[in-house]
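Notes to accompany the following structure.
Numbering (the working numbering), first residue to last: 170 to 1268.
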């Protein structure tokens, strides 16, 4: 900074400094006279020091140069305030001219010496227009004098905020200036405004001018450029000179336009809103400094209101104008209730088309996309308010301007989802819809539909068009970890909760595949994982095999149904799941009557009178109907399996509808001749169960008239069943229930509480309040007990399943009781053991009937576990029997044998493990063994060894070393399955060895490292990495002690897998192992701080 700048600022300080205390008492007869005295004294002191002191010589010279070009300056004016303002303006222009010259010189001639000596650590040299804080305060004081004395007093009434409304001092200044006659108010206002605009051309001065006095400058430019001129004009020549010419007004208009374009737009909008003024005041007069903001804003003239409205509309319709308006109104908010009301007001302003707009279409086309941009703010401080404004604006437009909202808001917002339905394979190397587009679309939908939560026909219709794509995206997110899952689910639940009664079931039918496909994802396209946890739409690779394509299609449909059921399970307070379920049941009930009618009315096909297309359609119609029915049965099966009864049938009316459908199906075909279907025990059992549910409802504590009215619909089918059903028990049940319903409970048979269907559990007969779902589960359990739980077992018509109603304690053979025991027990549960010798169980363990053999093996296993004396003496026979059954091809048999061998190894580990290890290494050793299935046998033995390793517990240190040697040898087996099995068993065992593993750490580390780096099979590499994970989990905090010598090698091997292994699963296992190492080292370096109290007994 040159010495000239401080000298000019010193002169300004002399002019604006306050009067001394002594002088103030001498001159103060009144406040106005005191102020005038100070202005005159400071002005005289400035002139004196400029003439007398040599330090101000350059200032005086530059001031005189500026004075020569200032035609507005009049040194001999009698108005003290205007003379003071002139001196301030003259010094400010002097400073501006000097700083501009110095800045230009600084930019043109950089100092070469400084450039040579500059280092990266050095700060760049300061330009000459940088002012200190004290100097800025001096300039701010001068500008305040200029605005207060030379600009605000000459504004018309209602233009801007008058001085009288700002402070008590402003009231006095306003009276001082307006007290005398002002012959050239317009000319003085023009002079002050032009000089302030000249000062603003310099950046350091523009900041001071516009941050404090922007509103006053705008008010002055509006008045100078747009105030209507009075009809009467001054008759004197001097008066005509003081009036503004048309060219000067046009210049002010252009200056206003330039100023509006280059200043921060929220500041401009805020000042224009202030200029527009408040409502008309009922009374005149100023307000005190503590008055509210409403009182500060006076009523503006009509021309100014119109002008400000036009300027605000222009600000709004320009690029980023909406954001500027929102910032101007909401900046500085506290987030309280008043801010939420402001958001609604701003949204209402944005939705209302201004009168100055050329057309509504033009306005909404320019504004709507800016409203959507408000949803994408990342700044947490402002995002909430901006999103609130955008959400409310969209909802207001949807309600008041639905056509424009659909065209300019909803269609662009849902554009990425619409493009998913029309994607094409033109760009093979580029995603049809990018990840960021789908992410932004889903977040916007969540904010508008879910957070806004204002259901309307337009919003529901727009969402319905993209519902299939949205559901497909939701199904994809359920298969992966994606941040899009929550917004997808919330939007789908919002639609299902607010959709109309007729639209929601139709949407569910379409999503479940029961209705025609419409607006689905384009063919040959699917959603793929994105790099940021989202999703993108890309082309699908075609399957080379038809079986693969069919499997993909069927598995995809099943997954969609499961995802749909999860959505319905979230609608706990809605009737939609139950209504949809009953709708499907009603459709299924109509099949029988429709099938009978088709058989009776179907005419013979006359091919001669039909075209080939018609013939094909007629021939394919039955298969299409059959496919539709299979799809409906699949949906019903998934609903019953996935949804609880509290979701499906949450109201009594829905339960009655369900029973109505059940009874209607039972009544179909009663008029036909007796046939095999009429005697179906499953249908009869189901019908009795349904009647038991009716009895449960009727046994309730208090039934209302509405409940009886709802159940009265059951009277016709109950009457038909009581008259025409083939079973007398059902006829009696139907008659009793019909009588109770018809009399509204006045008549109740004596055995009415026992109307519930028979159950194997006697408690269910007495409990009449059991829910429908529980009864169905009990019935399912009873049915399951009649058949084997494995799909490979014989069907229920086999001889072994014909005696399932007899208790296990009867004298029948094991073939009659074994299925019951097998179906109701797990591998480790206690079976009911009939009193049979061990020899009989050994014989039955060789029975060709699968359920009988499996039950016998389970009994032998329990005998071993309970250390039965006979089993202990014959453990060699039991071992051979288990080994023989281990080679059986049925999974039910060999799994039972595996469990038995595990029990033997747990009870007699040393001898049994030795035999198992030998068979695991060399294959089956029995004479009757099939050597062709040696690999399968070894893998089954490996499963036994793994279970035995888990059961060792603390004995692993004693019994585990022989197993480790065999497993390490197995890692070099030619077959990859044996290598993987050995590694799996090695991991299970090593995590239980603790400190005894230390002697084997080097060997184990070398083996695992070599396998991870050299093994060709991905399955074996995965197993090797998984061994390290299990090892680290088992050791825990002991890792740094037991594996201290090899931990670094294992860490480097895992890092190598993460960087270089092509198999994603192996990489995932390696990452999990690295996380275990990270947890161990964190606990080692930063141990948990524990606050403990210790009591030490001193000697």
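C-beta: ideal position from N, C-alpha, C; glycine also. Since the model is a prediction, treat every value here as computed from it, not as a measurement.
Opposing strand residues paired with residue i [DSSP bridges]
i	result
residue 706	602 and 696
Coarse secondary structure for residue i, derived from DSSP in three states
i	result
residue 813	coil
residue 241	coil
residue 173	helix
residue 263	helix
residue 1111	helix
residue 273	helix
residue 1264	coil
residue 1210	helix
residue 970	In this prediction, residue 970 has a pLDDT of 35, which is less than 50 and means its spatial position is unreliable; what the coordinates show is noted afterwards. The answer is helix: DSSP assigns residue 970 an H, G or I state.
residue 1146	helix
residue 522	coil
residue 294	coil
residue 1154	helix
residue 1178	helix
residue 484	helix
residue 747	helix
residue 1077	coil
residue 652	coil
residue 184	helix
residue 833	helix
residue 230	helix
residue 316	helix
residue 669	coil
Same chain, Cβ closer than 7 Å to residue i, five either side skipped, listed in chain order
i	result
residue 272	296, 297 and 298
residue 751	823, 826, 827 and 830
residue 1241	1198
Distance CB(residue i)-CB(residue j) smaller than 8 Å
i	j	result
residue 1086	residue 1135	yes
residue 328	residue 469	yes
residue 1191	residue 1130	no
residue 439	residue 497	yes
residue 883	residue 832	yes
residue 1113	residue 1062	no
residue 812	residue 835	no
residue 228	residue 312	no
residue 307	residue 182	yes
residue 566	residue 491	no
residue 666	residue 738	no
residue 656	residue 615	yes
residue 362	residue 386	yes
residue 706	residue 610	no
residue 380	residue 268	no
residue 1252	residue 1206	yes
residue 1177	residue 1193	yes
residue 891	residue 904	yes
Beta-carbon contacts of residue i that lie in its chain and below 6 Å, excluding the five residues immediately before and after
i	result
residue 1273	Given a span of 170 to 1268 for the chain in the structure shown, any question on residue 1273 remains unanswerable.
residue 641	690
residue 523	482
residue 695	709
Same chain only: Cβ atoms within 8 Å of residue i, ignoring 5 sequence neighbours per side
i	result
residue 474	445 and 446
residue 1124	1078
residue 669	629
residue 828	859, 862, 863 and 883
residue 1159	1133, 1166, 1173, 1196, 1199, 1200 and 1203
residue 185	211, 257, 307, 310, 311 and 314
C-beta neighbour in chain C for residue i, strict 8 Å
i	result
residue 1118	Looking at the structure shown, chain C is missing, and only one protein chain is on hand.
Q: Would you be able to state if there are at least three C-beta pairs under 8 Å between the stretch 806 to 822 and the stretch 733 to 749?
A: Counting Cβ pairs under 8 Å, three or more are found: they touch.
Q) When the Cβ atoms of the stretch 694 to 702 are set against those of the stretch 672 to 680, are three or more pairs found closer than 8 Å? A) Too few Cβ pairs lie closer than 8 Å, so no.
(Q) I'd like to know if the stretch 1257 to 1266 and the stretch 1207 to 1214 are in contact, where contact means that at least 3 CB-CB pairs between them fall below 8 Å. (A) Because the criterion of three Cβ pairs below 8 Å is not met, the stretch 1257 to 1266 and the stretch 1207 to 1214 do not touch.
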